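Chains as they are written, first to last, in our numbering: chain A, 1 to 138; chain B, 139 to 276; chain C, 277 to 414.
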């Protein structure tokens with residue numbers, strides 16, 4: 001079974017997609033299997049992260065923004081791929097450091113997420129984007 | 139086929155799980171397929187790393203501890219999710235940077251690990267934890 | 277269906293393998309499914325990254341070389357696993373930070389790569405290596 005989720009991002013940050021993903025798995029009627037998600041872009045990521053305290057999401061963004069500053073920051077003067085904006089090459093770097101595909105076993109019709117685990121799209125670009133996440137269930 | 143591995147961690151560091159994982163794959167009787175592991179937590183990771191020289195594991199821990207210092211380190215004063223202890227938010231950050239799911243083809247009843255490849259749970263918290271790794275084989 | 281791709285690397289950097297991978301998927305005759313790639317080494321990575329502007333690949337390498345300098349750099353004096361050369365332990369660290377397995381849904385006989393997405397082996401060692409990537413399609 002396959003589908004595609006579309007996520008409209010407004011700015012850089014984490015967007016939780018746990019609910020639509022789990023709803024699709026439940027509707028499939030498949031009791032046991034493997035769910036795979038794959039993001040069809042090179043400037044955003046897929047994370048499984050804590051969904052209890054929203055400050056975790058802010059802190060994740062703050063850390064990676066410091067680790068990979070915009071390309072107009074003097075520390076990043078060595079970067080050459082800059083014509084798509086100062087947030088573009090850092091977005092590619094973040095997309096290399098964090099997952100773009102996730103595989104989660106499904107038991108009794110549910111992905112086996114732990115108590116505090118949510119599925120997030122991590123948008124790395126500053127402008128709004130329409131992001132596509134391909135899903136496979138078997 | 140699905141199961142769950144439990145790993146009792148004593149402190150932060152790498153814990154090899156290659157043996158129980160490969161034993162389960164062998165016992166399954168499945169000659170060819172795909173093994174997927176998924177860790178049901180947001181403060182530890184799953185790595186495939188060198189299992190020959192234990193100094194590799196120490197060095198990995200040393201590097202990531204320097205890249206992501208505890209939240210009571212002045213360099214990390216911008217972090218806000220700190221009430222679960224100075225090792226908590228850094229653990230989430232490390233869990234975003236390193237894999238939480240792994241997929242390994244199985245041939246002739248064995249995951250196709252290279253000569254020096256072992257499967258490890260990387261505990262990022264300082265206190266002991268019971269970690270659950272879901273496994274799917276098909 | 278399973279196979280193994282071999283990639284001869286000349287030096288550290290990104291090597292695109294999109295074409296042979298997609299050709300194998302097409303030849304398999306499987307219309308829909310899931311493609312999984314797994315690199316059987318602990319000193320290189322598998323990335324899905326932009327394949328339009330080669331400067332993206334140079335910038336990725338430049339960033340990670342700065343983030344994880346060679347072990348003979350004074351900043352890395354704490355590393356202990358150094359006898360295989362100054363590029364060895366940094367290669368293991370990079371292999372922990374970037375994916376070693378990728379799972380990509382297949383639709384109509386093609387991996388659902390986005391417009392600008394290519395599949396790359398990222399060699400982290402400075403000397404030439406023969407790298408093996410196991411592939412599973414089902």
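For glycine and all other residues, C-beta sits at the position ideal for the given N, C-alpha and C. In this text, all values refer to a predicted model and were calculated from it rather than measured experimentally.
Coil, strand or helix - residue i by DSSP
i	result
residue 222 (chain B)	coil
residue 243 (chain C)	Nothing about residue 243 (chain C) can be read from this structure; chain C reaches only from 277 to 414.
residue 68 (chain A)	coil
residue 48 (chain A)	strand
residue 113 (chain A)	coil
residue 217 (chain B)	coil
residue 412 (chain C)	strand
Span of the beta strand (DSSP E), counted from its first residue to its last, around residue i
i	result
residue 105 (chain A)	101-107
residue 156 (chain B)	Element bounds for residue 156 (chain B): not the beta strand (DSSP E) but the alpha helix (DSSP H), 156-166.
residue 177 (chain B)	171-177
residue 141 (chain B)	140-147
Reference residue i, options the options, closest by Cα
i	options	result
residue 332 (chain C)	A:107, A:53 and A:88	A:88
residue 382 (chain C)	C:312, C:317, C:328 and C:278	C:312
residue 339 (chain C)	A:138, A:81 and A:16	A:81
residue 95 (chain A)	A:26, A:40 and A:16	A:40
residue 43 (chain A)	A:84, A:114, A:104 and A:73	A:84
residue 231 (chain B)	A:103, A:92 and A:65	A:65
residue 321 (chain C)	C:390, C:343 and C:288	C:288
Residues of its chain near residue i, where Cβ-Cβ distance is below 7 angstroms and the 5 sequence neighbours each way are ignored
i	result
residue 130 (chain A)	6 and 8
residue 160 (chain B)	248 and 249
residue 71 (chain A)	79, 82, 86, 89 and 90
residue 24 (chain A)	3 and 135
Cβ shell of residue i (< 8 angstroms), same chain only, five flanking positions each side left out
i	result
residue 69 (chain A)	75, 76 and 90
residue 246 (chain B)	169 and 170
residue 336 (chain C)	290, 323, 325 and 398
residue 155 (chain B)	143, 145, 257, 258, 259 and 271
residue 158 (chain B)	143
Contacting residues, own chain, Cβ-Cβ under 6 angstroms from residue i (five flanking each side not counted)
i	result
residue 273 (chain B)	141 and 175
residue 254 (chain B)	188 and 190
residue 148 (chain B)	266
residue 58 (chain A)	none
residue 1 (chain A)	28 and 137
residue 302 (chain C)	385
residue 104 (chain A)	35 and 111
Heavy atom of the ligand FAD within 7 angstroms of residue i beta-carbon
i	result
residue 199 (chain B)	The ligand FAD is absent from the structure shown, which contains no ligand whatsoever.
Quick one: any contact between the region 85-99 of chain A and the region 162-172 of chain B, if contact means 3 or more CB pairs under 8 angstroms? no
If contact is defined by three or more beta carbon pairs under 8 angstroms, each pair taking one atom from either stretch, is the region 108-127 of chain A in contact with the region 396-407 of chain C? no
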